Amino acid sequence: MFKATPIAEANAQGKITRQAQVVWGSRIVTVGGDAPVRIQSMTNTDTVDVIGTAIQVKELALAGSEMVRLTVNTPEAAQAVPHIREQLDRMGIDVPLIGDFHYNGHRLLTEYPECAQTLSKYRINPGNVGKGDKRDKQFAQMIEAAVRWDKAIRIGVNWGSLDQALLADLMDQNSRRETPWGAKPVMYEALITSALDSAQQAVELGLNPNQIILSCKVSGVQDLISVYRELSKRCDYALHLGLTEAGMGTKGVVGSAAALSVLLQEGIGNTIRVSLTPQPGESRTQEVVIAAEILQALELRSFVPSVTACPGCGRTTSTTFQELTQRIEEFLRAQMPHWRSKYPGVEKMKVAVMGCIVNGPGESKHADIGISLPGTGEAPAAPVFIDGEKRMTLRGEGIAEEFQVIVEDYVEKRFGMQAAVKA
Ligand code: SF4
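Take the sequence shown: its position 76, counting from 1, is numbered 76 in the UniProt record's numbering, and each next residue is one higher.
Rendered as structure tokens:
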């Protein structure tokens with residue numbers, strides 16, 4: 001006979017890895033070890049445009065990006081990096097900058113020492129370091145710069161630029177197997193081997209293994225899960241996680257959330273980037289917002305109070321409930337830069353905005369503060385629940401404004417009190 005036992009609560013299981021330090025001045029962003037999963041992003045401005053790039057880095061940092069990567073592809077871009085840093089320092093933005101290098105990174109990091117010194121981390125793509133005899137020498141030059149300036153690196157393998165010599169070698173080996181593997185497992189093996197062999201080389205060249213972060217990015221959700229599960233088994237380096245070329249709009253958001261959630265739930269991934277293609281006119285900061293939402297949904301980190309809202313149905317024939325949900329979400333997000341330091345813990349607050357009496361009161365009671373709006377045909381009254389108790393009922397035209405004031409008041413009383421007790 002079935003015997004009921006307590007159902008275990010699901011939660012993300014952290015896997016302990018090495019810990020890298022990505023540093024600018026007194027700002028130290030730890031990645032891996034016991035650090036929270038970090039959010040990072042990348043600019044899409046021309047790095048030579050110092051002001052435009054500094055402004056975008058600032059926007060990304062204010063949106064919550066804890067490290068920001070820039071393309072460093074030409075001597076002019078390398079020369080611009082220290083000036084971008086200067087602008088940011090002047091604006092009080094201490095977010096560490098990461099240089100993204102392909103093909104000529106060995107030259108840029110050697111010939112522009114100010115750039116090498118200003119960047120807090122270098123991204124090295126082992127598939128784009130150089131061909132044949134030059135490969136090892138050029139890779140070594142980049143590692144020498146990291147050792148000299150005491151920088152973290154990411155060995156960032158990407159299946160779109162996989163080391164072709166290595167892939168050909170693994171395919172050769174595969175053809176000699178009694179039962180050859182399929183094409184995908186060989187490709188997975190090539191991605192992981194490229195990352196691990198390059199990391200080993202970097203260690204042999206004198207780089208502290210704690211300062212190495214690895215990534216093996218692919219654009220398929222199941223491929224990413226397969227590769228990272230194996231990569232995580234085979235090493236204890238901190239891992240940068242992201243679905244490459246995730247795409248635009250809903251597809252990019254859903255693909256990234258699907259892939260990252262599975263892995264993060266298994267404790268795989270120490271820093272994430274959501275590689276969204278912005279829709280025309282859309283802010284670059286959207287990728288940071290999505291990354292934060294993924295971490296918050298998995299209860300790995302909290303950034304803004306969460307709003308629980310029902311989808312609405314035939315019982316909500318007016319737009320009042322949608323408008324109130326949107327208004328409260330925007331209000332909470334807009335308050336956070338100011339609330340974060342004033343009201344510690346407010347980012348964990350749960351607000352419910354519900355459309356009718358069916359689930360409205362129940363869901364509102366589960367939240368810290370909730371409102372259940374009247375559905376079609378219900379009495380025009382909106383009960384408000386605070387800490388699980390019905391405290392008041394709002395009526396009339398000004399429900400949205402009144403509810404916003406009630407939320408503000410709740411935050412001040414509850415989280416302002418906590419701040420005072422701590423002080
Ligand atoms: S709470 Fe009410 S309005 Fe919202 S989805 Fe459920 S039944 Fe529909």
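Where is the CB? At the ideal position from N, CA and C, for every residue including glycine. These figures come from a predicted structure and were not determined experimentally.
Original post:
Is it the case that the CB of Val358 approaches a heavy atom of the ligand SF4 more closely than 8 Å?
Top reply: yes
Original post:
Cβ of Gly416 versus every heavy atom of the ligand SF4: is any distance shorter than 8 Å?
Top reply: For Gly416, the shortest C-beta to heavy atom distance toward the ligand SF4 is 8 Å or greater.
Original post:
Since Asn124 and Phe101 are thought to touch, with beta carbons under 8 Å apart, how far apart are those beta carbons, to the nearest angstrom?
Top reply: According to the sequence displayed, residue 124 carries Ile and not Asn. Right, the Cβ-Cβ distance comes to about 6 Å (below 8 Å), so this counts as a contact.
Original post:
Considering only the beta carbon of each residue, do Met349 and Ser364 sit closer than 9 Å?
Top reply: no
**OP:** Could you check if Pro180 is buried or exposed, using at least 16 other CB atoms within 10 Å of its CB as the buried criterion?
**Re:** Exposed, by the Cβ-count rule.
**OP:** Pull up the distance between the alpha-carbon of Asp89 and that of Ser306, whole angstroms please.
**Re:** Those two C-alpha atoms are separated by around 32 Å.
Subject >> Sequence-distant residues of the same chain with beta carbon closer than 7 Å to Lys58, five excluded per side >> reply: Leu88, Met91, Ile93
Original post:
Under a three-way DSSP split, which group does Asp100 fall into?
Top reply: Strand.
**OP:** Flag this pair as touching only if the stretch 278–287 and the stretch 46–64 have three or more C-beta atom pairs under 8 Å; answer yes or no.
**Re:** yes
Original post:
Nearest-angstrom Cα distance between Ala381 and Cys356?
Top reply: 10 Å
**OP:** With hydrogens ignored, establish whether the beta-carbon of Gly375 is closer than 8 Å to any heavy atom of the ligand SF4.
**Re:** Proximity of the beta carbon of Gly375 to the ligand SF4 is indicated: a heavy atom of the ligand is located closer than 8 Å.
Original post:
Using a threshold of 8 Å, is the CB atom of Arg177 nearer than that to any non-hydrogen atom of the ligand SF4?
Top reply: no
Subject >> the stretch 150–157 contacting the stretch 210–219, beta-carbon criterion three pairs below 8 Å >> reply: The answer is yes - the stretch 210–219 touches the stretch 150–157, with three or more Cβ pairs under 8 Å.
Original post:
Given Tyr112, which residues of its chain have a CB within under 6 Å of its CB, disregarding the five upstream and five downstream residues?
Top reply: Closer than 6 Å at the Cβ level, and outside the excluded window around Tyr112, lie Ala78.
Original post:
How long is the line joining the alpha carbons of Ala12 and Arg18, rounded to whole angstroms?
Top reply: 18 Å
**OP:** Have a look at Asp34, Glu378, Gly375, Leu394 and flag the residue whose alpha-carbon is nearest the alpha-carbon of Val384.
**Re:** Leu394
Original post:
Does at least one heavy atom of the ligand SF4 sit under 8 Å from the Cβ of Gly52?
Top reply: no
Subject >> Near the ligand SF4: Pro185 beta-carbon under 8 Å from a heavy atom >> reply: no
Original post:
Residues bridged to Ala334 by DSSP?
Top reply: In the DSSP output, where bridge partners are listed per residue, Ala334 has none listed.
Subject >> Euclidean distance between Cα positions of Thr277 and Ser256 >> reply: 12 Å
Subject >> Euclidean distance between Cα positions of Asn104 and Thr74 >> reply: 8 Å
Subject >> According to DSSP, residues forming a beta bridge with Lys121 >> reply: Ile98, Ala152
**OP:** Examine the ligand SF4 and report whether any of its heavy atoms sits within less than 8 Å of the Cβ of Phe321.
**Re:** Within the cutoff, so yes.
Original post:
Count the other CB atoms within 10 Å of the CB of Ile7; is the residue buried (16 or more) or exposed (fewer)?
Top reply: exposed
Original post:
Contact check, Leu162 vs Ala195 under 8 Å by CB: the rounded distance?
Top reply: Going by Cβ atoms, the distance from Leu162 to Ala195 rounds to 11 Å, so no, they are not a contact pair.
Subject >> Val29 burial status per 10 Å Cβ neighbour count (16 or more: buried) >> reply: buried
Original post:
Nearest to Ser302 by alpha carbon, out of Val23, Pro36, Ala10, Gln265?
Top reply: Pro36
**OP:** Using only alpha-carbon positions, find the residue among Pro126, Glu86, Glu76, Ile39 that is nearest to Gln69.
**Re:** The residue asked about is misnamed: residue 69 is Arg in this sequence, not Gln. Comparing Cα-Cα distances from Arg69 to each of Pro126, Glu86, Glu76, Ile39, the minimum goes to Ile39.
**OP:** Report all residues from its chain with a CB closer than 8 Å to the CB of Glu230; omit the five preceding and five following residues, and keep chain order.
**Re:** Hits under 8 Å: Tyr188, Ile192.
Original post:
CA-CA distance, Tyr237 and Leu332?
Top reply: Rounded to whole angstroms, Tyr237 to Leu332 spans 37 Å at the Cα level.
**OP:** Use the C-beta contact count for Arg340: other C-beta atoms within 10 angstroms, 16 or more gives buried, fewer gives exposed.
**Re:** By the Cβ-count criterion, Arg340 is exposed, with fewer than 16 other Cβ atoms from all chains shown falling within 10 Å of its own Cβ.
Original post:
Counting along the chain, where does the alpha helix (DSSP H) carrying Met42 start and finish?
Top reply: Segment 38–42 is the beta strand (DSSP E) holding Met42; no alpha helix (DSSP H) there.
Original post:
On the three-state DSSP scale, how would you describe Arg284?
Top reply: DSSP, read as helix, strand or coil, puts Arg284 in coil.
Original post:
Is any heavy atom of the ligand SF4 found at a distance shorter than 8 Å from the C-beta of Gly370?
Top reply: no
**OP:** Buried or exposed for Ser318, please, with buried defined as at least 16 other CB atoms from any protein chain shown within 10 angstroms of its CB.
**Re:** Exposed, since its Cβ has fewer than 16 Cβ neighbours within 10 Å.
Original post:
Since Lys390 is in the beta strand (DSSP E), which residue starts that stretch and which ends it?
Top reply: 389–395
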